[in-house]
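S.K.:
Numbering (the working numbering), first residue to last: 1243 to 1393.
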């Protein structure tokens, strides 16, 4: 199995590292474990409950499964782990808006490459020049019409 890192993509959407500091919500009942993934010492979360804010993650070497690490709200020195399951958990609404997807990274890379190839002035002129020019000309025409009728 290839080594998984901070940039490893999960669910064909997010880089693992981009979820640190994000809040996960249970889509259905989710079980967390205080002793990594043993079955004895557990914490349960019902549907729509906040699982917690991702503190870190572990990747099980044999299986490659991702386990999110959360600090216990009642005891910050205690950490519990929840195995990643796209069907069982999701980002809260605010974090969905602020977390970059892999597609966002691809779009940014394409834009950076286009700017590098064309140069900043040409790139931004091609992107915004027509709008700026049209707005300026339109504003000038409206100004002339208003000032002409005002005489």
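Glycine is no exception: its CB is placed at the ideal position from the N, C-alpha and C atoms.
Fair warning: this is a prediction, and the values are worked out from it, not measured in the lab.
Identify every residue that forms a DSSP beta bridge with residue 1291.
M.R.: For the purposes of this step, residue 1291 is taken as residue 49 along the chain shown, with counting starting at 1. Paired residue(s): none; residue 1291 is not in a bridge.
S.K.: By the three-class DSSP mapping on this structure, what secondary structure does residue 1259 have?
M.R.: The residue labelled residue 1259 in the question sits at position 17 within the chain shown. DSSP places residue 1259 in helix when its eight states are reduced to three.
S.K.: Considering residue 1275, what are the terminal residues of the beta strand (DSSP E) in which it resides?
M.R.: Position 33 of the chain shown, counted from the first residue, corresponds to residue 1275. Note, residue 1275: beta strand (DSSP E), 1272 to 1275.
S.K.: The beta strand (DSSP E) that contains residue 1268, what's its start and end?
M.R.: Taking the chain shown and counting its residues from 1, one reaches residue 1268 at position 26. Residues 1265 to 1268.
S.K.: Return the CA-CA distance between residue 1295 and residue 1308, expressed in angstroms with no decimal places.
M.R.: Numbered from its first residue, the chain shown carries residue 1295 at position 53. Numbered from its first residue, the chain shown carries residue 1308 at position 66. Residue 1295 and residue 1308: Cα-Cα distance of roughly 15 angstroms.
S.K.: Below 7 angstroms between beta carbons: does that hold for residue 1289 and residue 1311?
M.R.: Numbered from 1 along the chain shown, position 47 holds the residue referred to as residue 1289. Numbered from 1 along the chain shown, position 69 holds the residue referred to as residue 1311. Not closer than 7 angstroms, so no.
S.K.: Give the DSSP-derived three-state secondary structure of residue 1212 in the structure shown.
M.R.: Lying outside 1243 to 1393, the shown extent of the chain, residue 1212 is not represented and no answer is given.
S.K.: Helix, strand or coil for residue 1357, going by three-state DSSP, please let me know.
M.R.: Position 115 of the chain shown, counted from the start, is the residue given in the question as residue 1357. Of the three classes helix, strand and coil, the one that applies to residue 1357 here is helix, per DSSP.
S.K.: Taking the beta strand (DSSP E) that residue 1324 belongs to, which residues open and close that run?
M.R.: As a working mapping, residue 1324 is identified with position 82 in the chain shown. That run of the beta strand (DSSP E) goes 1321 to 1325.
S.K.: Please tell me whether residue 1322 and residue 1370 are closer than 7 angstroms, where the distance is taken between their beta carbons.
M.R.: Numbered from 1 along the chain shown, position 80 holds the residue referred to as residue 1322. Numbered from 1 along the chain shown, position 128 holds the residue referred to as residue 1370. In this structure, residue 1370 does not lie closer than 7 angstroms to residue 1322 by Cβ.
S.K.: Along the beta strand (DSSP E) that carries residue 1311, what are the first and last residues, could you check?
M.R.: Counting from 1 along the chain shown, the entry for residue 1311 is found at position 69. Per DSSP, residue 1311 belongs to the beta strand (DSSP E) from 1308 to 1313.
S.K.: Are residue 1293 and residue 1273 closer than 7 angstroms when you measure CB to CB?
M.R.: As a working note, residue 1293 is residue 51 in the chain shown. As a working note, residue 1273 is residue 31 in the chain shown. No, these two residues do not count as a Cβ contact at 7 angstroms.
S.K.: Could you check what DSSP says for residue 1330 in three-state terms: helix, strand or coil?
M.R.: Sequence index remark: in the chain shown, residue 1330 carries index 88 (1-based). Looking at residue 1330 - three-state DSSP - the assignment turns out to be coil, as it is neither helix nor strand.
S.K.: Apart from the five residues on each side of it in sequence, which residues of its chain come closer than 8 angstroms, Cβ to Cβ, to residue 1317?
M.R.: Counting from 1 along the chain shown, the entry for residue 1317 is found at position 75. Nothing meets the Cβ criterion.
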